[in-house]
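Converting from the sequence shown to the numbering used here requires adding 20 to each position, the first position being numbered 1.
Below is one structure, written out as structure tokens, with a few remarks after it.
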Amino acid sequence: MVEIAILGFGTVGSGVAEVIDRNQKSIRRDFPVGIHVKYILDLRDFPDSPYADRVVHDIHTIIDDPEVEVVCETMGGKHPAYEFSRMALEAGKSVCTSNKELVDAIGGELAVIAKQHNCSYLFEASVGGGIPILRPLRTSFSQEFITDVMGILNGTTNYILTKMEKEGLSFETALRQAQDNGYAEKNPEADIEGYDPCRKIAILASLVTGGNVKFQQVPCEGITKIDTDDFRYAASLHRVVKLLGVCHHDQESDKVYVRTAPYLVPEGHPLYSVSDVYNAVLVHGNMVGDLMFYGSGAGKLPTASAVVSDVIECAWNRGRNVDIGLHNTDADLGDPESVKDVFFVRMDASEKDRAQMLFGGHVQEVKAEGVNGEFAFLTPEMTDREFTEKAAEFETLKKSIRLLQG
Ligand code: HSE
């Protein structure tokens, strides 16, 4: 048996124990030695849990036990998750985590420590929940230059947007439903303001380029300003509003352009019909073309399943490092304001003439059933910088959303 410890017995941590117990037979089919949870570290006790006798409160119990070979860090947050992960790696124990905040902030450093101690730092569950995406990026794309990775990377906001679109629910009601279903982060700000998907696209961009892209370097916009009228306009354009993380790696300049924002996705695009809590990641390789990875992006068991897949990989590779491709060097980031887009804009109807003049007379008016008193239009293609300069001229500008090119 390979002995493991779980740090943090919350939603994902308890899911890890459940996946290992319920699927021990399946695990043994591929990894006959089997996996066993020896310790669970938490501040709390769980007297009614079948794991009550394995709960410990001191990290040293785990670090000092040579039998523990893999540690699952499912605590979330930076501290003490960083210190505990570091201690485990320095003791030669591999660490598997779902903690995207830590991976984004200090993952490169932890990956280097793992290499130095012949163990691994793996984080499949940090992006796309149960969807295998990081391992395929490493194992199946070595021969490719990946030009684009984009996706719906947050289940909560996709659920909210789907409810607003299909059932006409208000943002607040849809958010409450997402929280009741256990999809939202403890503090939903990370979901609705886009920080959670922004961290995920930063991790994907880091793996694709081989240099670190940090969450703070990525322009990030959430969905708090999206209203039901946006869906009416979107429908008249045969599009739908989706919160996307987008990453473009320019093959000529080697620069990487990353952004998280709501986009108007056209009918027929692979991301158009990704609904509810589902996530999807679209990868474009210069040889293979488009590939899409789709599945449950949040929730206890899908996320725990991804953690356990990493545990098994670490167990297979005991005594050596699995290099997932996260390095401790900076990526060559391009200027996001130089990227060209078409923008959908809503403003007061009184601004129509001025808007047409300022945006060059080439604007395409957009009408929506039941929405009055507004002038809504599509701009010509322009850089983000040009758009921001022009938009600043209009006090009544309510909204702008980028169009995803088909
Ligand atoms: N709150 C996140 C989501 C959980 O809704 O996608 C997974 O990171």
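Think of the CB as a built atom: it goes at the ideal place given N, C-alpha and C, for glycine as much as any other residue.
Could you check whether residue 268 and residue 277 sit closer than 8 Å to each other, using their CB atoms as the reference points?
A contact, by the Cβ cut-off of 8 Å.
If we count the other Cβ atoms within 10 Å of its Cβ and call it buried at 16 or more, is residue 259 buried or exposed?
buried
Taking residue 265 and residue 170 to be in contact with their CB atoms under 8 Å, please state how far apart those CB atoms are, rounded to whole angstroms.
7 Å
What residue from 210, 103, 160 and 418 has the CA that sits closest to residue 367's CA?
418
According to DSSP, what are the bridge partners of residue 93?
27 and 117
Could you round the C-beta distance between residue 235 and residue 254 to whole angstroms and report it? I think they count as a contact, below 8 Å.
At roughly 28 Å, the Cβ-Cβ gap does not stay under 8 Å, so residue 235 and residue 254 are not in contact.
Please write down, chain order preserved, every residue whose beta carbon lies under 6 Å from a heavy atom of the ligand HSE.
149, 174, 175, 176, 203, 204, 205, 211, 216, 317 and 318
Taking the C-alpha atoms as reference points, what is the distance between residue 160 and residue 291?
22 Å
Compare the C-alpha of residue 32 against each of 203, 197, 153 and 178 and name the closest.
Here the closest residue by C-alpha is 203.
Tell me whether residue 399 is buried or exposed, calling it buried when 16 or more other Cβ atoms sit within 10 Å of its Cβ.
buried
Is residue 417 helix, strand or coil by DSSP?
coil
Anyone know if the C-beta pair for residue 178 and residue 347 falls short of 8 Å?
No, the pair does not count as a contact, with Cβ atoms beyond the cut-off.
If distances are taken between C-alpha atoms only, which option among 261, 297 and 401 comes closest to residue 150?
Minimum Cα distance to residue 150 is reached at 297.
Between the stretch 100 to 116 and the stretch 328 to 337, can you find at least three pairs of beta-carbon atoms closer than 8 Å?
yes
In three-state terms, what does DSSP make of residue 384?
strand
Could you give the C-beta distance for residue 220 and residue 173, rounded to a whole number, given that I count them as a contact under 8 Å?
4 Å
Give the secondary structure of residue 372 by DSSP, where H, G and I count as helix, E and B as strand, and everything else as coil.
helix
Would you list the residues sitting across from residue 4 in a DSSP beta bridge?
In the structure displayed, the chain extends from 21 to 426; residue 4 sits before or after that span and is not available.
Does DSSP classify residue 334 as helix, strand or coil?
In the structure shown, residue 334 sits in a helix (DSSP, three-state: H, G or I).
Got a sec? Which residues, its chain only, sit under 7 Å from residue 410 by beta carbon, not counting five neighbours each side?
378 and 379
Below 8 Å on the Cβ atoms is my guess for residue 88 versus residue 145; work out the distance and round it to an integer in Å.
The pair is not a contact, with the Cβ atoms about 20 Å apart (cut-off 8 Å).
Could you check what DSSP says for residue 210 in three-state terms: helix, strand or coil?
helix
So, with DSSP's three-state summary, where would you put residue 203?
coil
Nearest by alpha-carbon distance to residue 214: which of 194, 238 and 37 is it?
238
Can you list, in chain order, the residues of its chain with a C-beta nearer than 7 Å to that of residue 167? Leave out the 5 residues immediately preceding and following it.
268, 269, 271, 304 and 306
Quick one: what does DSSP say residue 299 is sitting in, helix, strand or coil?
In this structure, residue 299 counts as strand in the three-state DSSP scheme.
Quick check for students: name the residue ranges of the beta strand (DSSP E) that lie wholly in the stretch 133 to 197, counting only runs of 3 or more.
166 to 172
Going by DSSP, what residue range makes up the beta strand (DSSP E) through residue 427?
Here the chain covers residues 21 to 426 and nothing more, so residue 427 does not appear.
Please go through the same chain and pick out, in chain order, the residues whose beta-carbon is closer than 6 Å to the beta-carbon of residue 29, but skip the five residues on each side of it.
60 and 62
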